[in-house]
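Residue numbers (full-length UniProt numbering): 1 to 491. Okay, structure first, notes after.
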Amino acid sequence: MADGRHRSAQPTAKDYDATTLTHEFEQLMRTKRFNRLQEQSQPRSRTQSPAPFTMSSPSIPPPPSRAPPPPPSAGAPAASPKPSNSALRGLPVFPSPPQDPASLKFFNLLKGLSVTPTKYENPGLLDEALCVIPLDRLYSEAEEESQIMQAQAASVGGKPEWGYQDCVIRALLRWFKGSFFQFVNNPPCSKCHMPTIAQGMTPPTPDETARGASRVELYRCSDNSCGAHERFPRYSDVWQLLQSRRGRVGEWANCFSMFCRAVGARVRWVWNSEDYVWTEVYSEHQRRWVHVDACEGAWDQPRLYTEGWQRKISYCVAFSIDGATDVTRRYVRSFSRHGSPRTRAPEEVVLWSIHEIRRKRREGLKATDLRRLQKEDEREEKELRCYMASALAAEINNMLPRHLVGRPEDQKHPGARQGASTEWLAARGHGNTGPDRSPEGRLLSYGGLAGASTFIQSLGVADSLTKATAVALGDQPAPLESPAPHHAMHT
Ligand SMILES: [Zn+2]
């Protein structure tokens, strides 16, 4: 049967021998990896031993974004000679402190950004926030939703997708976007309520500075007979945001993250180098960090920015009171399609910076807490690696002869192919399954992965393929019983 493989008119899954296929796949991956290593042979020598491969990723400076995500723009500031996604490509990276000015600048940037979520740890602030949050309403909505999910799960003998705590955050998200915070482009004239025209930036007044505005935008009333000027201080101070209740993405993410904290969630403030920010909340129920975008009212849609909006992204770094993590791989599943060159600093420096911030944030923690956090880091690393493995499998899938690849799955995942942004989002709504948002709750996601996965699963070689991919990535295969990406890799 090996003969007929590529020739016979209508091969069926049964025509394929799992072992052979796995072997071929491994070969393919080795070749691919080898080529990549060659391409990347940089002056700096990299050792091959499998070691502390942790993704790290931070990068750019713009303060918590102010504007809606920019269009996939051309330019990323060039710093190091060659764009390197090596860390994301699965090559071993060893942390190394910044040596050159650009790297140092990047580290300092990350260090500065990492302070943002520490501001939430203020009992007075959280109390104040709790005073404006309609807790009774949110709790009862959460209770109701959670019961519906339990009933649904019980009817099919499964586990509810989200837990009660998750439902509280979902209710908070709906209320925050629907009733509390206001999105502002040009603030209306406060004298006559007419639209205003941007006039550029203006220095903050002492009062504005005292309230945490480092930048102030100036607008002029569009009605010439009025001609009043309107100031729009960009507050990064969460106390102030409780009062002003308006802003753009930066203010939204900052205030919403703090609210999540106020209702007791573990929270991350996620900075993206393309000038966008959002939130991640830890789901105890799913044992993973969940993407939440207050501005978009989006829950667990990490592929929104790339596959939904067709943005190109280089770094996404999540900051919390417990440290920092390069979460780029959660948001950019296909680097060939949606990755932007990571040129802020060598990956070694990025990794070092992340470790350094973690170390600092975890100073003084008890040994048990440290261990717990470390385990959590490891579990997340596995989750993120699985995403990369999936993406590689997708690429491989695209190399397979067309007739071997299941078509119907592709159509079910429009996000996969060319970006069907709005339909993609609309079709998804919230509350689908799994980190990959695949309705089947399986690994199937973008690219031709869906088809490949179906094909592979029909052969019963999914596990081998996972291992093969891990080998190709230069990592130890993730233990199959790994709890992390429940839905992700293994059916
Ligand atoms: Zn006016």
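Ideal placement from N, C-alpha and C gives every residue a C-beta, glycine not left out. All values derive from a computational prediction rather than experimental measurement.
Relative to ligand 1, is the shortest distance from any of its heavy atoms to the C-beta of residue i smaller than 7 Å?
i, result
"Ala198", "no"
"Lys382", "no"
"Asp223", "yes"
"Met194", "yes"
"Cys255", "no"
"Lys119", "no"
"Cys189", "yes"
"Cys386", "no"
"Cys316", "no"
"Cys131", "no"
"Cys295", "no"
"Cys260", "no"
"Ala394", "no"
"Glu226", "Per the sequence shown, the amino acid found at residue 226 is Cys instead of Glu. Correct: Cys226 has its Cβ closer than 7 Å to ligand 1."
Could you tell me how far apart the beta carbons of residue i and residue j are, in whole angstroms, since I believe they sit closer than 8 Å?
i, j, result
"Ser114", "Ala324", "6 Å"
"Gly163", "Ser283", "7 Å"
"Phe259", "Ala142", "No, Phe259 and Ala142 are not in contact; Cβ-Cβ is about 14 Å, not under 8 Å."
"Arg174", "Gly297", "7 Å"
"Arg261", "Tyr120", "4 Å"
"Glu251", "Leu241", "6 Å"
"Ala294", "Ala253", "6 Å"
"Asn186", "Thr202", "No, Asn186 and Thr202 are not in contact; Cβ-Cβ is about 15 Å, not under 8 Å."
"Tyr235", "Arg220", "Going by Cβ atoms, the distance from Tyr235 to Arg220 rounds to 21 Å, so no, they are not a contact pair."
"Ile357", "Leu110", "6 Å"
"Asp223", "Met194", "4 Å"
"Leu125", "Trp239", "6 Å"
Can you pull the DSSP bridge partners for residue i?
i, result
"His229", "Arg220"
"Trp289", "Tyr282"
"Thr202", "Val216"
"Arg246", "Gln182"
"Phe106", "Note: Phe106 sits in no beta bridge, so no partner."
"Thr343", "DSSP lists no partner for Thr343."
"Thr325", "Ala318"
"Asn272", "Tyr276, Cys316"
"Thr196", "Cys221"
"Val267", "Val281"
"Arg211", "DSSP output for Arg211 lists no bridge partner at all."
"Tyr235", "Ala213"
"Ala298", "Asp293"
Would a C-beta distance cut-off of 8 Å place residue i and residue j closer than the cut-off?
i, j, result
"Val277", "Trp269", "yes"
"Ser340", "Ile313", "yes"
"Ala228", "Cys167", "no"
"Thr279", "Val263", "no"
"Glu348", "Ser155", "no"
"Ser273", "Phe107", "no"
"Phe176", "Phe256", "yes"
"Asp322", "Arg362", "yes"
"Trp299", "Arg137", "no"
"Arg329", "Met399", "no"
"Val93", "Leu351", "yes"
"Ser244", "Pro117", "no"
"Ser336", "Glu395", "yes"
"Val249", "Ala265", "no"
"Arg213", "Pro206", "The displayed chain sequence assigns Ala, not Arg, to residue 213. Not closer than 8 Å, so no."
"Gly200", "Leu172", "no"
Does the beta-carbon of residue i have 16 or more other beta-carbons within 10 angstroms, so that it is buried, or is it exposed?
i, result
"Thr306", "buried"
"Ala318", "buried"
"Gly447", "Caution applies to Gly447, whose pLDDT of 33 falls short of 50 and renders its modelled position unreliable; the value that the coordinates give is listed next. By the neighbour-count rule (16 or more Cβ atoms within 10 Å), Gly447 is buried."
"Gln286", "buried"
"Val332", "buried"
"Ala416", "Residue placement at Ala416 is poorly supported in this model, since its pLDDT is 34, which falls under 50; the coordinates are not used for a value here."
"Thr343", "buried"
"Pro302", "buried"
"Pro43", "With a pLDDT of 39 at Pro43, under the threshold of 50, the modelled position of this residue cannot be trusted, and the question is left open."
"Ile148", "exposed"
"Gln165", "buried"
"Glu161", "buried"
"Gln99", "exposed"
"Arg407", "For Arg407, the pLDDT reaches just 45, beneath the cut-off of 50, and the residue's location in the model is therefore unreliable, although a value from the coordinates is still provided. The residue in question, Arg407, is exposed, as its Cβ has fewer than 16 Cβ neighbours within 10 Å."
"Cys192", "exposed"
"Ser146", "buried"
"Asp326", "buried"
"Leu304", "buried"
"Pro233", "buried"
"Asp127", "exposed"
"Gly429", "With a pLDDT of 41 at Gly429, under the threshold of 50, the predicted position of this residue should be treated as unreliable, though the coordinate-derived value follows. Counting Cβ neighbours within 10 Å, Gly429 comes out exposed, since fewer than 16 surround it."
"Ala151", "exposed"
"Gln418", "Note that Gln418 scores a pLDDT of 33, beneath 50, so its modelled location is shaky and nothing firm can be said."
"Ser140", "exposed"
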